[in-house]
Amino acid sequence: DRTETDVTRSDALGTLQRVFGYDSFRGEQGAIIEHVVAGGDAVVLMPTGGGKSLCYQIPALVRPGTGVVVSPLIALMQDQVDALRALGVRAGFMNSTQDFEERRLVEAELLAGELDLLYLAPERLRLESTLDLIERAKISVFAIDEAHCVAQWGHDFRPDYLSLSLLGQRWPEVPRIALTATATRATHREITERLAMPQARHFEASFDRPNIQYRIVSKDEPKKQLLRFLREEHPSDAGIVYCLSRNSVEKTAEFLCRNGIEAVPYHAGLDAGTRATHQARFLREEGLVVVATIAFGMGIDKPDVRFVAHLDLPKSVEGYYQETGRAGRDGLPSTAWMAYGLNDVVQQRKLIQSGEGDEAFRRRAAAHLDSMLALCETVQCRRAQLLAYFGQEPGGEGCGNCDTCLTAPETWDGTIAAQKVLSAVVRLDRERRQKFGVGQIVDILLGRKTAKVIRFDHDQLSVFGIGEDLSEAEWRGVVRQLLAQGLLAVEGEYSTLVLTEGSGAVLGRQREVLLRKEPKKPASRGSAGGV
Ligand code: ADP
Ligand code: ZN
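Under full-length UniProt numbering, think of the first position of the sequence shown as 15, with each following residue one higher.
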């Protein structure tokens with residue numbers, strides 16, 4: 015006699031093979047699907063590309079009724095539904111992009127029991143009319159995609175997600191599955207609480223992407239560094255280059271094209287037609303580079319993206335992981351490369367200060383940035399640091415496939431250098447009328463008699479010329495690391511350097527400062543010459 019579990023397992027596997035054309039389940043998919051098909055609630059933490067969709071699509075097909083999928087990614091619903099229909103799955107969606115007629119048609123299909131899957135935007139579920147509609151239909155499963163949107167501490171918070179807790183009250187007999195690719199331990203807990211899923215079984219896949227090599231280089235001439243990286247390691251490979259602003263997206267794409275690399279821009283300022291064309295080309299062609307803002311990539315499923323490059327610092331480790339995670343979904347060796355420098359720290363700190371949001375919001379943004387900076391400045395394995403951020407244990411010593419494992423960074427006792435910088439900041443701070451940024455501090459330490467130094471008599475300061483033992487790049491590195499470690503801060507319109515609570519201990523010699531040695535500039539090999 016076959017037990018019930020055997021039956022659901024074979025139904026699920028049969029559906030995987032018959033409908034989706036895959037041989038076997040990946041990772042924990044099988045266990046998750048079995049649990050949900052049997053009526054259990056589940057909270058699933060699985061990295062991007064791990065195969066979350068099947069975890070609710072198959073239960074929706076195996077259980078009687080319609081599976082309701084709540085997703086904030088309205089722009090992707092049409093594509094998702096089209097892809098399912100192409101496989102013979104009866105799928106539909108309801109969101110604000112539809113007109114009355116289209117919506118009525120979907121409603122009729124739902125009520126007639128002719129839908130396997132219905133995708134809904136979260137704001138729809140706040141409407142009593144939608145809830146009534148669901149009440150009148152037979153529902154097989156509720157799937158809550160991008161479940162971290164319910165977490166108020168997260169970077170994607172959607173107030174509409176808070177109302178999803180009522181699903182369990184109103185339909186206690188319908189299993190719920192919440193899925194996310196980005197969740198620290200705290201977010202995971204918050205998801206479970208806010209969605210009111212105390213009975214849920216938790217499934218947590220490993221976040222490790224062993225085929226991705228993580229590298230963070232010191233930013234010097236970013237576009238040239240990028241070009242060198244592409245020419246030397248990824249000639250004619252497909253990849254994504256992320257920039258912060260639309261302007262730098264355009265400029266970088268032009269620059270790559272001028273230097274013989276086929277690249278197209280992608281950002282929210284381009285018209286929809288251009289965006290769609292560039293995205294389609296990226297998916298279809300081999301070896302195209304997309305230079306994009308973070309507007310690009312949500313739901314992009316291209317297995318052979320060989321590299322993801324960042325020319326600007328992401329705002330959080332979650333963002334970094336998600337963006338780099340678009341590389342190497344086929345499991346083949348891929349590179350996550352980032353150029354990072356002093357200006358990134360200054361710019362992001364400034365953005366947070368001058369940005370909107372209340373004090374608590376700013377503190378959270380600052381905490382996100384701090385974690386990202388810690389990843390950039392670490393002298394330990396990048397992968398270990400990433401996994402630890404997601405609350406997972408790294409295995410063994412180092413990964414052997416990140417820059418710090420491949421070439422151990424040297425550290426040095428930067429206490430005296432730090433004291434010099436902080437002393438210079440103190441001296442300048444005495445002149446309250448004037449505000450000075452990083453450049454002036456470095457010029458003073460190096461004893462440079464620039465026009466601006468002479469004009470403000472800064473060559474008369476006791477700290478003038480006390481830093482001739484280090485180069486300009488090294489001083490900028492010291493300032494960057496002090497900013498990253500919170501031993502120095504920026505303030506106001508001109509990014510004036512100011513002391514922090516931690517600075518005193520360094521100046522008072524109660525605290526040592528360990529710094530990462532700045533890498534030597536790679537010798538110009540002429541390959542990026544003339545650009
Ligand atoms: P996620 O939502 O976690 O980012 P998806 O559900 O989009 O991931 O799946 C990523 C890719 O992996 C898709 O192309 C999907 O078809 C494929 N995939 C998922 N599960 C399997 C499986 N068991 N066997 C083969 N391919 C799979
Ligand atoms: Zn490593």
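No residue lacks a Cβ here, since even glycine has one placed at the ideal position from N, Cα and C.
query, result
"The ligand ADP heavy atoms versus the CB of Q43: any closer than 7 Å?", "yes"
"In this structure, how does DSSP classify M91 when only helix, strand and coil are distinguished?", "helix"
"Can you give the Cα-Cα distance for G543 and L241, rounded to whole angstroms?", "Confidence at G543 is low in this model, with a pLDDT of 36, below 50, so its placement is unreliable and the value that follows should be read with caution. If you take the alpha carbons of G543 and L241, they lie about 10 Å apart."
"Since H162 is in the alpha helix (DSSP H), which residue starts that stretch and which ends it?", "Unbroken run through H162: none, as it is neither H nor E."
"What did DSSP end up calling G543 once you bin it into helix, strand or coil?", "Below a pLDDT of 50, predicted positions are generally treated as unreliable, and G543, at 36, falls in that range; the measurement from the model is reported next regardless. Here G543 sits in coil by DSSP."
"Starting from I153, follow its DSSP beta bridges and name the residues at the other end.", "T80"
"Using only the alpha-carbon positions, how far apart do Y280 and S476 sit?", "50 Å"
"Who sits around the ligand ZN, taking every residue whose Cβ is closer than 5 Å to one of its heavy atoms?", "C395, R397, G412, C413, C416, C419"
"How far does the beta strand (DSSP E) with T425 in it reach, from first residue to last?", "425-427"
"Is the beta carbon of I455 less than 8 Å from the beta carbon of V439?", "yes"
"If I measure Cβ to Cβ from P236 and keep anything under 7 Å in the same chain, skipping five residues before and after, which residues do I get?", "L325, A353"
"I need the straight-line Cα distance from S143 to A192, nearest angstrom please.", "23 Å"
"So, at 6 Å on beta carbons, what are the nonlocal neighbours of V512 in its own chain, with the 5 sequence-adjacent residues on each side left out?", "A503, E505"
"If the criterion is Cβ atoms closer than 8 Å, does the pair residue 560 and L302 meet it?", "Because the chain here runs from 15 to 545, residue 560 falls outside it and cannot be looked at."
"Helix, strand or coil: which one does DSSP assign to Q499?", "coil"
"For my contact list, T111 and I72 are in at a C-beta cut-off of 8 Å; report their separation, rounded to the angstrom.", "Not quite, the Cβ-Cβ distance comes to about 27 Å (not below 8 Å), so this is no contact."
"With a cut-off of 8 Å, do at least 3 Cβ pairs link the region 259-269 to the region 421-435?", "no"
"Helix, strand or coil for M108, going by three-state DSSP, please let me know.", "strand"
"Going straight from the alpha carbon of V545 to that of G274, what length do you get?", "Because the pLDDT at V545 is just 37, under 50, the model does not fix this residue reliably, and the value given afterwards should be weighed accordingly. Cα-Cα distance, rounded: 12 Å."
"I'd like to know if the region 279-297 and the region 38-47 are in contact, where contact means that at least 3 CB-CB pairs between them fall below 8 Å.", "no"
"Flag this pair as yes or no: are the beta carbons of T80 and L131 separated by less than 8 Å?", "yes"
"What's the call for W426, buried or exposed, on a 16-neighbour Cβ count within 10 Å?", "exposed"
"Return yes when the C-beta of D315 is under 7 Å from any heavy atom of the ligand ADP, and no when it is not.", "yes"
"Under DSSP, the beta strand (DSSP E) around Q227 begins and ends at which residues?", "226-232"
"I'd like the ranges of any alpha helix (DSSP H) spanning at least 4 consecutive residues and lying wholly in the region 185-223.", "199-208"
"Taking the alpha carbon of E507 as the reference point, which residue from S368, Y334, T514, I480 has its own alpha carbon closest?", "S368"
"Where do the N-terminal and C-terminal ends of the alpha helix (DSSP H) with I366 fall, by residue?", "356-368"
"How should Q213 be labelled, buried or exposed, when 16 other C-beta atoms within 10 angstroms of its C-beta is the threshold for buried?", "exposed"
"Assign F156 to one of two classes, buried (16 or more other C-beta atoms within 10 Å of its C-beta) or exposed (fewer than that).", "buried"
"Report, in whole angstroms, the separation of the C-beta atoms of V520 and T429, which I expect to be a contact under 8 Å.", "7 Å"
"Leaving aside the five residues before and after S517 along the sequence, list all residues of the same chain whose C-beta is less than 6 Å from its C-beta, in chain order.", "L436, L501"
"Using CA coordinates, which residue listed in L119, G453, A252 is at the minimum distance from D315?", "A252"
"I need the DSSP call for F321, collapsed to helix, strand or coil.", "strand"
"Is it the case that the Cβ atoms of G461 and E486 are separated by a distance below 8 Å?", "no"
"Could you check which residue in G106, E137, P136, F114 has the C-alpha nearest to that of L125?", "G106"
"State buried or exposed for T421, treating a residue as buried only when at least 16 other CB atoms are found within 10 Å of its CB.", "exposed"
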